[in-house]
Amino acid sequence: MPEGGEDAARGFYGGLLGLTEVAKPANLLVRGGCWFEQGGIRLHLGIERDFVPARKAHPAFLADDLDRLILRLEAGGVEIAYDEPLAGYFRCYVSDPFGNRIELMQRTE
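Using my numbering, the letters of the sequence shown map in sequence onto residues 10 to 118.
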């Protein structure tokens, strides 16, 4: 993420996606960024001075109730891009506040 993006990251990843922010180790605080986790997910967002959003490579997060998550994201002003189903999954894409692509999936079987 770009420098100074921590509050936007907290709003999106914590507020909208529902991930829990966890404290970074003291020796890494000076680098900026923020860390989140939920279940088996560990997401470490670091600062890049010459930041360029990741538009192709992306993480994919599994949701238990993707419809409810989509409603929360839309209420937060996030644009949802739907894609054709992947065998066994319903899926869509969103962009975080920095333009990084994120895939959201729910098992259909």
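Don't be surprised by glycine CBs; every beta carbon is placed ideally from N, CA and C.
Query raised in the report: Taking the C-alpha atoms as reference points, what is the distance between E30 and E12?
Result: Along the sequence shown, one-based indexing puts residue 30 at 21. Along the sequence shown, one-based indexing puts residue 12 at 3. Going from the Cα of E30 to the Cα of E12 covers about 18 Å.
Requested in this report: Use the C-beta contact count for R58: other C-beta atoms within 10 angstroms, 16 or more gives buried, fewer gives exposed.
Outcome: Against the sequence shown, residue 58 aligns to sequence position 49. With fewer than 16 Cβ atoms within 10 Å of its Cβ, R58 is classed as exposed.
Query raised in the report: Just the Cα atoms here: how many angstroms apart are D105 and G23?
Result: Within the sequence shown, numbered from 1, the residue matching residue 105 stands at position 96. Within the sequence shown, numbered from 1, the residue matching residue 23 stands at position 14. Looking at the two C-alpha atoms, the distance is approximately 12 Å.
Report task. Would you mind reading off the limits of the beta strand (DSSP E) that contains E30? Result -> Against the sequence shown, residue 30 aligns to sequence position 21. Where E30 is concerned, the enclosing beta strand (DSSP E) stretches over 29 to 31.
Requested in this report: State yes or no: is the C-beta of A18 within less than 9 Å of the C-beta of L54?
Outcome: As a working note, residue 18 is residue 9 in the sequence shown. As a working note, residue 54 is residue 45 in the sequence shown. With contacts defined as CB atoms closer than 9 Å, A18 and L54 qualify as a contacting pair.
Query raised in the report: Should the segment 93 to 109 be regarded as contacting the segment 37 to 53, the criterion being three or more beta carbon pairs within less than 8 Å?
Result: no
**Report entry** R58 in three-state terms, based on DSSP
**Finding:** Position 49 of the sequence shown holds residue 58. Three-state result, R58: coil.
Report task. Output the boundary residues of the beta strand (DSSP E) element that contains A69. Result -> As a first step, residue 69 is located in the sequence shown; it is residue number 60 there, counting from the start. Note, A69: beta strand (DSSP E), 69 to 71.
Query raised in the report: Span of the beta strand (DSSP E) holding L26?
Result: To locate residue 26, count along the sequence shown from 1; it is residue 17. Counting along the chain, L26 falls outside any beta strand (DSSP E), and DSSP gives it neither H nor E.
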